[in-house]
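Here the sequence shown stands for residues 8 to 344, where the numbers follow the numbering used here.
Backbone N, C-alpha and C fix where the C-beta goes; we use that ideal spot for every residue, glycine too.
Input: a single structure, listed below in structure tokens.
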Amino acid sequence: MSTPFSILGMGWALPKTVIDNDFLHKEVGLKKGPEWVKSRLGIYERRSVLSREYILKTKNKDPMQAIVHARANGETPVTLAVKAAQKAMAHCGVKPEQIGLVVCNCDLPFDLVPATADYVAKALGIASGPHIDMNTACSSFARHMLYLGDLRDSAWPEFVLTIQTSCYTTRTDYSADCFDGYIWGDGAAAQICSLKHPGRLRVEPLVFASDPKGAEDVKVDATRHFWQDGGKIREFSIRKTVEMFEAVAAAKHLFAEEVYTVTHQANAVMMDSILGHLHLPKERHIHNVEVQGNIAAAGMPSAVAQRLDALKKGDQIVYAVLGAGLAWGGGYMEVTG
Numbered sequence: 008m009s010t011p012f013s014i015l016g017m018g019w020a021l022p023k024t025v026i027d028n029d030f031l032h033k034e035v036g037l038k039k040g041p042e043w044v045k046s047r048l049g050i051y052e053r054r055s056v057l058s059r060e061y062i063l064k065t066k067n068k069d070p071m072q073a074i075v076h077a078r079a080n081g082e083t084p085v086t087l088a089v090k091a092a093q094k095a096m097a098h099c100g101v102k103p104e105q106i107g108l109v110v111c112n113c114d115l116p117f118d119l120v121p122a123t124a125d126y127v128a129k130a131l132g133i134a135s136g137p138h139i140d141m142n143t144a145c146s147s148f149a150r151h152m153l154y155l156g157d158l159r160d161s162a163w164p165e166f167v168l169t170i171q172t173s174c175y176t177t178r179t180d181y182s183a184d185c186f187d188g189y190i191w192g193d194g195a196a197a198q199i200c201s202l203k204h205p206g207r208l209r210v211e212p213l214v215f216a217s218d219p220k221g222a223e224d225v226k227v228d229a230t231r232h233f234w235q236d237g238g239k240i241r242e243f244s245i246r247k248t249v250e251m252f253e254a255v256a257a258a259k260h261l262f263a264e265e266v267y268t269v270t271h272q273a274n275a276v277m278m279d280s281i282l283g284h285l286h287l288p289k290e291r292h293i294h295n296v297e298v299q300g301n302i303a304a305a306g307m308p309s310a311v312a313q314r315l316d317a318l319k320k321g322d323q324i325v326y327a328v329l330g331a332g333l334a335w336g337g338g339y340m341e342v343t344g
């Protein structure tokens, strides 16, 4: 059984370029129209480390050149991670010198070596520690929480910084026949965690697993575009999220009308389907995918971070996320301060 701990501060960061549906329809020339996007995705805006001019000119035919462009544009997975971490630290007043461990995921790092966690620690002025990258794609928040929950008490430093960051638009095909441009956005989320200090949220990780039989169902080649078996992933995501919500509710003796829910921010229509399956109240579902797109592992924690100040002590949250692998994870959070 994992040990509960606290999240003291949360942050998020988005790049400056706004990609709305009109731009994708009318200028880039994606063939799927507004009604298709409304009925299948429910996403109307997203952010990118790429400029609109670059997307328009190149349709991102060469993902490796997209990385070069993003660097020149001044935004990368590391810069987004640093901004999210700074916001999380400011949220709870924790200083870099107090952080003894950085745990980071980066699905699509611009640099293969060293770890993204080390780049972030250097940029923030965090001292040496057992900093690591731990990546399970879009389910990485759940994996990070379970990793901390499984640590021995003696292995905990005073504060831990966990980060989820990715720039999927650098691996998105913007040619006319592809619809992935409607899905993906870029962004980062960060959390300051502690076993020794109380915080805004009490976290209890409960579920994490993966099924390697689905390893080929979502993938990004080392130099190419994102690819997925869309129908299969949709079915898997809905089924596993429903299962996780039911498992967490049973373990914690929760009633649907009393809790907030939050899922992987893949698309709004799929989230509505999950709520419908379980008869969950839509007004208590935390979401941001409509205006951020799918920002991978950062989606779910960024949604909680953006809603956190509006929540009151005693509010309960059930979270469930999924990612490539295929991997899934979930748990329980309660507002405690």
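Distance between residue j and residue i (C-alpha atoms, nearest Å)
i      : j      : result
Met152 : Arg178 : 27 Å
Lys319 : Tyr267 : 12 Å
Gly49  : Lys129 : 38 Å
Gly330 : Asp180 : 20 Å
Ala97  : Ile14  : 13 Å
Arg261 : Gln272 : Note on identity: in this sequence residue 261 is Leu, with Arg being the wrong assignment. If I take the Cα positions, the gap works out to 23 Å.
Leu37  : Thr230 : 23 Å
Enclosing beta strand (DSSP E) for residue i [first to last residue]
i      : result
Asn301 : No beta strand (DSSP E) holds Asn301; DSSP gives it neither H nor E.
Ile170 : Phe166 to Cys174
Arg209 : Leu208 to Ser217
Val25  : Thr24 to Asp27
Residue closest to residue i, alpha-carbon to alpha-carbon, out of the options
i      : options                           : result
Phe215 : Leu63, Pro22 and Tyr326           : Tyr326
Trp335 : Ile170, Pro70 and Ile245          : Ile245
Gly238 : Met277, Thr270, Thr230 and Lys220 : Met277
Thr172 : Gly194, Ser161, Asp187 and Lys90  : Gly194
Ser55  : Ser146, Ile190, Asp279 and Ala222 : Ile190
Gly18  : Pro41, Thr169, Lys64 and Ala263   : Thr169
Phe12  : Gly306, Gly132, Ala134 and Val167 : Val167
Gly136 : Glu34, Phe233, Val127 and Tyr61   : Val127
Residue i in three-state terms, based on DSSP
i      : result
Asp125 : helix
Asp316 : helix
Pro11  : coil
Arg54  : strand
Phe262 : coil
Gly241 : According to the sequence shown, residue 241 is Arg rather than Gly. DSSP places Arg241 in helix when its eight states are reduced to three.
Lys75  : Rather than Lys, the amino acid found at residue 75 in this sequence is Val. Helix.
Thr230 : coil
Ala144 : helix
Gln272 : coil
is_contact[residue i, chain D] using C-beta, thresh 9 Å
i      : result
Leu115 : Annotation note: the requested chain D is absent from the structure, which comprises a single protein chain.
Residue range of the unbroken alpha helix (DSSP H) whose run includes residue i
i      : result
Arg59  : Arg59 to Thr65
Asp279 : Ala275 to Leu285
Residue i and residue j closer than 9 Å at C-beta
i      : j      : result
Ala304 : Val328 : yes
Ala88  : Leu57  : no
Ala317 : Glu297 : no
His286 : Val269 : no
Gly192 : Arg53  : yes
Pro70  : Gly107 : no
Cys174 : Pro84  : yes
Leu158 : Gly337 : no
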